[in-house]
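Visitor: Following this message is one structure expressed as structure tokens.
Residue numbers (this note's numbering): 2 to 135.
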């Protein structure tokens, strides 16, 4: 890959990961019981398990994506979480239109792209010489 491709992948990792953490993950992480209660009230099965899975998918895994560690696996998890949010939460439970699911679908596409393409050259693993397969 060339310089601009690697720069683009770095920017995609950092911006999408930071936005996910700041605008979605931190609020859930700061009060997990509120989020888990919301899932229970919405009829999700295993709301505690699903709640902590979603919190991890919106905090831990985006952090790994930003750093470029385990990027592909982390991106699959983050993308899957956003697909569930778009289809199950927005469309099925809330009855939102496709337009109202735009944000979740854009996150799904960003993380899905990283899962398919990989993190690029500029990763923490590569900078430190760690042999971590992304």
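Just so it is clear, CB atoms sit at the ideal spot from N, CA and C, and this is done for glycine as well.
Between residue 86 and residue 105, which are expected to be in contact by the criterion C-beta below 8 Å, what is the C-beta distance as a whole number of angstroms?
Guide: With 8 Å as the limit, residue 86 and residue 105 qualify as a contact, their Cβ atoms being about 4 Å apart.
Visitor: If you follow the alpha helix (DSSP H) that residue 83 is part of, which residue opens it and which one closes it?
Guide: First-last of the alpha helix (DSSP H) with residue 83: 72-85.
Visitor: Give the single residue among 44, 127 and 33 whose Cα lies nearest to the Cα of residue 53.
Guide: Looking at the Cα atoms, 33 is the closest of the given residues.
Visitor: So residue 60 and residue 120 are supposed to be a Cβ contact under 8 Å. How far apart are they, rounded?
Guide: Not really, about 18 Å apart at Cβ, beyond 8 Å.
Visitor: Mind reading off the beta-carbon distance from residue 13 to residue 125? Whole number of angstroms is fine, and I expect it under 8 Å.
Guide: The Cβ separation is near 16 Å, so there is no contact.
Visitor: When DSSP labels each residue in this structure, what does residue 33 get in the three-state scheme?
Guide: DSSP places residue 33 in helix when its eight states are reduced to three.
Visitor: From residue 31 to residue 24, what distance separates their C-alpha atoms?
Guide: C-alpha separation (whole angstroms): 12 Å.
Visitor: Would you mind sorting residue 46 into buried or exposed? The rule is 16 or more other CB atoms within 10 Å of its CB.
Guide: Result: exposed.
Visitor: Short of 6 Å in beta carbon distance, which residues of its chain neighbour residue 21, apart from the five on each side in sequence? Order them along the chain.
Guide: So the qualifying residues of the chain are 59 and 63.
Visitor: Note down, in chain order, each residue of its chain lying with its Cβ closer than 6 Å to the Cβ of residue 112, except the 5 sequence neighbours on either side.
Guide: If we look at residue 112 and ignore the five residues flanking it on each side, its Cβ neighbours are 76, 79 and 80.
Visitor: When burial is assigned at 16 or more other CB atoms within 10 Å of the CB, is residue 102 buried or exposed?
Guide: That one is buried.
Visitor: Residues in its own chain within less than 7 Å of residue 11 by CB, not counting five upstream and five downstream?
Guide: Answer for residue 11: 121 and 123, listed in chain order.
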